[in-house]
Amino acid sequence: MKSNKKAILRMLEKQGDSLSVKQIRGSLGLKKAATAKLKAELLKLIKAGKIAKHGTRYQKSQELTERTGLKAKIKGNREKVKNELIWKQTPERRQRRSSGKTETGYFTRNPKGFGFVAIGGGRPDVFIGEHEQGFAMEGDLVEIEVFRKRGFRSKQKGEIIKVLERASREILARLKRTKRETVAVPVHRNSGLPFLRIAQKDDLPELESGTLVEVELLEEKKQTKKTFPAPCGRVLRALENTSDHELGFQLILNENLIRTEYPAEALAHVNNFSQQVRFDASSGRRDLRDLDFVTIDGKSARDFDDAVCVIPDKDSSGGFRLFVAIADVAHYVQPEDPVDQEALLRGTSVYFPTHAVPMLPEGLSNNLCSLRPQVNRLTLTCEMRITAEGEVVGYSLSESVIRSRARLIYEDVADLLEGRTSSIRDPELQTNIRKMHKLAKILERKRIQRGAVQFSFAEEVFEFDADQQMTGVGRIYQSSAMKLIEQFMLEANETVARHCVKNKMPALYRVHERPDMRKLQKLQQTFFRFGVRTPLAKLADPRQFNAVIEQIQELPHFDQLQVLLLRTMALAVYQTTNKGHFGLAAEYYAHFTSPIRRYPDLVVHRAIKDMLHQDQGLRTGKRTLPQVNSEMAEQCSQQERRAEKAERQSIDLMKVDFLAPHAGQTFQAVVISVDSQGFRVNLEPHGLEWFLPLDSMHDDSYIFDEERLSLQGRRKNRTLQAGQRLEIRLLRADPIHRILEFDVERWLSNKY
Numbered sequence: 063m064k065s066n067k068k069a070i071l072r073m074l075e076k077q078g079d080s081l082s083v084k085q086i087r088g089s090l091g092l093k094k095a096a097t098a099k100l101k102a103e104l105l106k107l108i109k110a111g112k113i114a115k116h117g118t119r120y121q122k123s124q125e126l127t128e129r130t131g132l133k134a135k136i137k138g139n140r141e142k143v144k145n146e147l148i149w150k151q152t153p154e155r156r157q158r159r160s161s162g163k164t165e166t167g168y169f170t171r172n173p174k175g176f177g178f179v180a181i182g183g184g185r186p187d188v189f190i191g192e193h194e195q196g197f198a199m200e201g202d203l204v205e206i207e208v209f210r211k212r213g214f215r216s217k218q219k220g221e222i223i224k225v226l227e228r229a230s231r232e233i234l235a236r237l238k239r240t241k242r243e244t245v246a247v248p249v250h251r252n253s254g255l256p257f258l259r260i261a262q263k264d265d266l267p268e269l270e271s272g273t274l275v276e277v278e279l280l281e282e283k284k285q286t287k288k289t290f291p292a293p294c295g296r297v298l299r300a301l302e303n304t305s306d307h308e309l310g311f312q313l314i315l316n317e318n319l320i321r322t323e324y325p326a327e328a329l330a331h332v333n334n335f336s337q338q339v340r341f342d343a344s345s346g347r348r349d350l351r352d353l354d355f356v357t358i359d360g361k362s363a364r365d366f367d368d369a370v371c372v373i374p375d376k377d378s379s380g381g382f383r384l385f386v387a388i389a390d391v392a393h394y395v396q397p398e399d400p401v402d403q404e405a406l407l408r409g410t411s412v413y414f415p416t417h418a419v420p421m422l423p424e425g426l427s428n429n430l431c432s433l434r435p436q437v438n439r440l441t442l443t444c445e446m447r448i449t450a451e452g453e454v455v456g457y458s459l460s461e462s463v464i465r466s467r468a469r470l471i472y473e474d475v476a477d478l479l480e481g482r483t484s485s486i487r488d489p490e491l492q493t494n495i496r497k498m499h500k501l502a503k504i505l506e507r508k509r510i511q512r513g514a515v516q517f518s519f520a521e522e523v524f525e526f527d528a529d530q531q532m533t534g535v536g537r538i539y540q541s542s543a544m545k546l547i548e549q550f551m552l553e554a555n556e557t558v559a560r561h562c563v564k565n566k567m568p569a570l571y572r573v574h575e576r577p578d579m580r581k582l583q584k585l586q587q588t589f590f591r592f593g594v595r596t597p598l599a600k601l602a603d604p605r606q607f608n609a610v611i612e613q614i615q616e617l618p619h620f621d622q623l624q625v626l627l628l629r630t631m632a633l634a635v636y637q638t639t640n641k642g643h644f645g646l647a648a649e650y651y652a653h654f655t656s657p658i659r660r661y662p663d664l665v666v667h668r669a670i671k672d673m674l675h676q677d678q679g680l681r682t683g684k685r686t687l688p689q690v691n692s693e694m695a696e697q698c699s700q701q702e703r704r705a706e707k708a709e710r711q712s713i714d715l716m717k718v719d720f721l722a723p724h725a726g727q728t729f730q731a732v733v734i735s736v737d738s739q740g741f742r743v744n745l746e747p748h749g750l751e752w753f754l755p756l757d758s759m760h761d762d763s764y765i766f767d768e769e770r771l772s773l774q775g776r777r778k779n780r781t782l783q784a785g786q787r788l789e790i791r792l793l794r795a796d797p798i799h800r801i802l803e804f805d806v807e808r809w810l811s812n813k814y
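Here it is as structure tokens:
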């Protein structure tokens with residue numbers, strides 16, 4: 063195939079819209095055999111900046127002035143072009159009728175272009191179309207005009223009319239220099255900003271076009287409903303010698319607004335604390351240092367916020383006394399002090415494959431608040447009296463001091479409990495662990511009987527060699543040791559939530575509502591096809607959910623069906639009122655056990671301590687607790703979602719890094735799931751999972767059969783479904799944007 067670069071550019075310019083590889087190939091009159099060479103041509107055009115790729119579609123890169131919708135070539139209008147962008151209204155927008163109502167909220171942008179504004183108060187988010195966003199970026203506080211709804215079930219839609227506060231002002235971009243001006247084009251494709259004008263003139267370093275820079279977004283000019291000032295920035299520094307991995311990771315941090323630096327005031331505040339914890343008998347704290355507390359965590363954990371101990375309950379035949387001691391973070395972090403203000407902004411710690419970004423400074427998270435072995439630590443302890451049947455018949459909450467006996471890791475405890483050789487040699491410690499395991503099994507059985515949903519998903523874990531180089535991806539299921547700690551934490555969380563509701567305390571609750579019935583109804587035919595006769599629309603009781611999971615457990619498509627069920631579930635969020643937790647079949651639920659890494663837990667701790675001080679006569683006057691409101695709950699929920707997204711993206715980045723040296727090579731892969739957009743595969747022998755879009759296959763045109771969970775070829779009638787083995791070739795790896803592009807070379811025998 064001779065070079066078609068000019069023809070491709072002419073065709074894309076004429077077409078206007080973005081096109082898939084198949085559409086481009088058809089427009090150029092090329093045969094399927096030319097697909098690989100066509101993709102190579104497209105890749106060269108992308109690198110040259112002539113075209114852009116969005117997902118699986120290609121579009122001609124427009125000049126700066128074209129992208130902003132302005133006609134830069136109009137004589138006498140150059141100054142207007144440089145200083146102002148007119149956000150043109152489409153005919154559709156002009157036809158819309160405003161409700162006359164405005165709202166403020168935080169903006170979230172979807173990679174597909176549209177976005178949402180969370181307006182709080184338990185109300186649904188407002189949908190913001192791609193052309194109604196002005197220059198708003200992820201996390202910005204914005205003012206929106208709400209459109210009148212066109213139907214009872216239609217989405218609430220709106221338009222951003224003003225950016226009130228920027229979530230972040232630092233942007234990674236590449237310079238683009240012309241004779242007349244310099245602009246910076248954001249590296250992050252979903253930034254919402256096509257470009258930034260660079261304000262510096264004489265003092266701008268002599269940086270060439272294409273240089274990677276960090277740009278500070280300057281204050282915008284006055285905004286009106288129809289006019290948004292062109293974003294203006296100042297180059298802070300050039301990022302020389304930055305690897306693709308470093309740039310890719312920095313983009314993840316920027317996109318998800320992950321804060322990595324602590325204010326000097328917060329660090330100074332932590333440095334004022336004594337590094338030694340001494341027990342004062344007159345403090346009112348309960349001395350629990352004679353109990354055999356232990357911590358059980360992952361091998362790489364450094365912040366130990368919970369320690370547990372189980373002893374027999376002498377007042378109950380076969381009963382137990384379970385002590386769950388949690389780091390007393392609220393002792394060190396007072397409302398609205400510098401550490402507290404930063405902790406609320408972060409909302410949660412973020413855990414990446416190779417390191418963590420803690421919510422609290424390390425002086426607290428990894429030292430004073432971490433329940434290290436053989437040292438005094440201040441805790442808030444929930445003691446529960448539990449019967450042989452797993453029922454809590456009494457509890458107490460107390461400020462306390464403990465001294466953990468040992469720091470145990472999941473693998474060693476699991477080895478002991480599952481009959482393998484364990485490094486835990488102390489007979490007394492072994493006895494205590496088995497005692498804890500006995501209670502954990504009782505609590506687990508109780509939860510299963512009342513209907514806690516029993517999904518079974520493997521967790522992806524990266525495998526490294528002695529030099530910390532990634533060698534592959536493994537999968538682990540929850541071990542007996544993990545389940546032990548999980549059951550104890552769940553019991554403490556439920557007990558504390560019940561206590562907060564009973565005493566009408568200002569707290570944040572963990573709310574998980576019932577599944578979306580419309581989503582369940584859509585799945586009905588698919589599950590019927592696989593032999594599941596339970597009417598899914600009636601799954602209002604989590605026990606019925608478990609019955610369906612049991613029915614599909616032995617099916618080859620179990621993993622995919624389980625994911626479909628999971629997607630019907632509501633998202634767990636934080637709210638100021640208790641509404642129970644569907645997935646746990648719990649009437650009361652709050653987060654209490656991780657105040658080092660979750661802000662809502664710290665809020666709950668403060669409420670408990672405030673009541674304890676009142677009961678002990680240690681508090682005089684009115685309560686000084688900060689207000690717990692829906693805005694705080696929404697902030698914590700939003701930060702949790704951002705952290706989870708950043709963690710997923712960092713996992714993808716690790717995979718792209720790992721496979722980048724293997725571009726051009728072929729791999730055998732097994733299809734593990736399919737949907738209307740493409741299919742997910744497991745690459746052998748590395749165990750790495752990746753999603754391939756439909757245009758990865760060139761032998762046919764495929765449509766998704768929702769009932770059979772398969773992709774059906776239109777002409778050859780081939781069926782692609784879970785279990786199909788393929789040989790695929792890695793065409794390119796882009797760590798910056800976390801892209802792996804594959805082509806299917808040939809079909810192999812089925813796995814099943």
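Its first residue numbered 63, the sequence shown is counted upward by one per residue in this note's numbering.
Backbone N, C-alpha and C define an ideal beta-carbon position, used for all residues, glycine too.
According to DSSP, what are the bridge partners of Ile471? Here residue 471 refers to the residue found at position 409 of the sequence shown. For Ile471, which the question treats as bridged, DSSP gives the partners Asp359.
Using CA coordinates, which residue listed in Pro568, Gln700 and Gln786 is at the minimum distance from Ala731? What you label residue 731 is simply residue 669 of the sequence shown in a count that begins at 1. It is Gln786.
On the CB-based measure, 16 or more other CB atoms within 10 Å of its CB, does Arg808 come out buried or exposed? Walking along the sequence shown from the start, residue 808 turns up at place 746. Exposed: under 16 other Cβ atoms inside 10 Å.
Verify the contact flag: Ala647, CB atom, against every heavy atom of the ligand FMN, threshold strictly below 7 Å. This structure does not include the ligand FMN; it has no bound ligands of any sort.
Three-state secondary structure assigned by DSSP to Arg780: For the purposes of this step, residue 780 is identified with residue 718 of the sequence shown, where counting begins at 1. If DSSP states are grouped into helix, strand and coil, Arg780 belongs with coil.
Does the region 550-562 come into contact with the region 442-456, if we say contact requires no fewer than three beta-carbon pairs (one atom in each stretch) closer than 8 Å? At 8 Å Cβ cutoff, the stretches touch.
Could you check what DSSP says for Ile86 in three-state terms: helix, strand or coil? Here the question's residue 86 lines up with position 24 in the sequence shown. Three-state DSSP puts Ile86 in a helix.
Ends of the alpha helix (DSSP H) at Met532? The residue you call residue 532 lines up with position 470 of the sequence shown. Per DSSP, Met532 belongs to no alpha helix (DSSP H); it is in the beta strand (DSSP E), Met532 to Ile538.
Enumerate in chain order the residues of its own chain whose CB-to-CB distance from Val275 is below 8 Å, with the five nearest sequence positions on each side excluded. As a first step, residue 275 is located in the sequence shown; it is residue number 213 there, counting from the start. If we look at Val275 and ignore the five residues flanking it on each side, its Cβ neighbours are Leu234, Ala235, Arg236, Leu237, Ala246, Leu269, Val297, Leu298, Arg299, Ala300 and Leu301.
Let's test the definition: count the other Cβ atoms within 10 Å of the Cβ of Asp529 and tell me whether it reaches 16, buried, or not, exposed. Indexing the sequence shown from 1 puts residue 529 at position 467. So Asp529 counts as exposed.
On the criterion of 16 or more Cβ atoms from any shown chain inside 10 Å, does Pro293 qualify as buried, or is it exposed? Your numbering for residue 293 matches position 231 in the sequence shown. Under this definition Pro293 is a buried residue.
From Met579 to Asp737, what does the alpha carbon distance come to, in whole angstroms? The residue given as residue 579 occupies position 517 in the sequence shown. The residue given as residue 737 occupies position 675 in the sequence shown. Distance between the alpha carbons of Met579 and Asp737: 21 Å.
Would you kindly work out how many angstroms separate the C-alpha atoms of Cys444 and Val412, rounded to a whole number? Your numbering for residue 444 matches position 382 in the sequence shown. Your numbering for residue 412 matches position 350 in the sequence shown. Taking the straight line from one Cα to the other gives about 26 Å.
Using the Cα positions of His760 and Lys101, report the straight-line distance between them to the nearest angstrom. As a first step, residue 760 must be located in the sequence shown, where it is residue number 698. As a first step, residue 101 must be located in the sequence shown, where it is residue number 39. Computed Cα separation, rounded: 12 Å.
Same chain only: Cβ atoms within 8 Å of Gln727, ignoring 5 sequence neighbours per side: In the sequence shown, counting from the first residue as 1, residue 727 sits at position 665. Arg791 and Leu792, listed in sequence order.
In this structure, does DSSP put Asn438 in helix, strand or coil? The residue given as residue 438 occupies position 376 in the sequence shown. If DSSP states are grouped into helix, strand and coil, Asn438 belongs with the strands.
Give, in chain order, every unbroken run of the alpha helix (DSSP H) that is at least 4 residues long and sits entirely within the region 652-735. You should have 661-677 and 692-721.
Residue range of the beta strand (DSSP E) that Ala110 falls in? Locating residue 110 in the sequence shown gives position 48, where the first residue counts as 1. Under the DSSP assignment, Ala110 falls outside any beta strand (DSSP E); it carries neither an H nor an E label.
If contacts are defined as beta-carbon pairs under 8 Å, then Ala389 and Thr441 qualify, I think. What distance do you get, rounded to the angstrom? Within the sequence shown, numbered from 1, the residue matching residue 389 stands at position 327. Within the sequence shown, numbered from 1, the residue matching residue 441 stands at position 379. Going by Cβ atoms, the distance from Ala389 to Thr441 rounds to 6 Å, so yes, they are a contact pair.
So for Phe385, helix, strand or coil by DSSP? Start at 1 with the first residue of the sequence shown, and residue 385 comes out as number 323. Phe385: strand per DSSP, three-state reduction.
Alpha-carbon spacing of Gly346 relative to Pro435, whole angstroms: By 1-based counting over the sequence shown, the position of residue 346 is 284. By 1-based counting over the sequence shown, the position of residue 435 is 373. When rounded, the separation of the alpha-carbon atoms in Gly346 and Pro435 is 23 Å.
Those residues which DSSP pairs with Gln637 across a bridge: Residue 637 sits at position 575 when you count from the first residue of the sequence shown. In the DSSP output, where bridge partners are listed per residue, Gln637 has Tyr571.
Gly167 classed as buried or exposed, judged by whether at least 16 other C-beta atoms fall within 10 angstroms: Counted from its first residue, the sequence shown places residue 167 at position 105. That one is buried.
Cα-Cα separation, Lys217 to Arg185: For the purposes of this step, residue 217 is identified with residue 155 of the sequence shown, where counting begins at 1. For the purposes of this step, residue 185 is identified with residue 123 of the sequence shown, where counting begins at 1. Straight-line spacing of the CA atoms in Lys217 and Arg185 works out to 12 Å.
Can you have a look at Ala514 and say buried or exposed, based on whether 16 or more other CB atoms are within 10 angstroms of its CB? As a working mapping, residue 514 is identified with position 452 in the sequence shown. By the neighbour-count criterion, in which 16 or more other beta carbons inside 10 Å mark a residue as buried, Ala514 falls on the buried side.
If you draw a straight line from the alpha carbon of Leu552 to that of Gln637, how long is it in whole angstroms? For the purposes of this step, residue 552 is taken as the residue at position 490 of the sequence shown. For the purposes of this step, residue 637 is taken as the residue at position 575 of the sequence shown. In this model, Leu552 and Gln637 are separated by some 18 Å (Cα to Cα).
Where do the N-terminal and C-terminal ends of the alpha helix (DSSP H) with Pro604 fall, by residue? If you number the sequence shown from 1, residue 604 lands on position 542. Where Pro604 is concerned, the enclosing alpha helix (DSSP H) stretches over Pro604 to Ile614.
Once the 5 residues before and after Asp306 are set aside, which same chain residues still bring their CB inside 7 Å of it? Reading the sequence shown from its first residue, position 244 is the one you call residue 306. Scanning its chain for C-beta atoms nearer than 7 Å, with the 5 sequence neighbours on each side dropped, one finds around Asp306 the residues Pro797 and Ile798, in chain order.
For Arg570, collect the residues of the same chain with a Cβ closer than 8 Å to its Cβ; drop the 5 residues on either side in sequence, then sort them by chain order. Counting from 1 along the sequence shown, the entry for residue 570 is found at position 508. Residue identity differs from the one stated: residue 570 is Leu in this sequence, not Arg. Contacts found: Tyr636, Gln637, Thr638, Ala652, His653, Pro662, Val665, Val666, Val690, Met694, Ala695 and Cys698.
Can you tell me whether Gly740 is buried or exposed, with buried defined as 16 or more other CB within 10 angstroms of its CB? Here residue 740 refers to the residue found at position 678 of the sequence shown. Classification of Gly740: buried, given that the 10 Å Cβ count is 16 or more.
Within a Cβ cutoff of 7 Å, which residues of the same chain sit near Thr304, ignoring the five residues on either side of it in sequence? Taking the first residue of the sequence shown as 1, we reach residue 304 at position 242. Counting only Cβ-Cβ distances below 7 Å, and skipping sequence neighbours, we find Leu274.
Taking all protein chains shown into account, decide if Lys150 is buried (16 or more other Cβ within 10 angstroms of its Cβ) or exposed. Residue numbering aside, residue 150 sits at position 88 when the sequence shown is read from its first letter. With a pLDDT of 41 at Lys150, under the threshold of 50, the predicted position of this residue should be treated as unreliable, though the coordinate-derived value follows. Of the other Cβ atoms in all chains shown, fewer than 16 fall within 10 Å of the Cβ of Lys150; this residue is therefore exposed.
How about Ala229 and Glu200: do their beta carbons lie closer than 8 Å? On the sequence shown, position 167 is the one that residue 229 refers to. On the sequence shown, position 138 is the one that residue 200 refers to. Cβ atoms of Ala229 and Glu200: closer than 8 Å.
Helix, strand or coil at Ser458 [DSSP, three-state]: On the sequence shown, position 396 is the one that residue 458 refers to. Ser458 falls in the strand class under three-state DSSP.
Are the region 533-551 and the region 492-506 in contact at 8 Å, needing three or more beta carbon pairs? Yes: the two stretches touch, three or more of their Cβ pairs being nearer than 8 Å.
Residues bridged to Glu165 [DSSP beta-bridge criterion]: Within the sequence shown, the letter at position 103 stands for residue 165. Ile206, per the DSSP bridge assignment.
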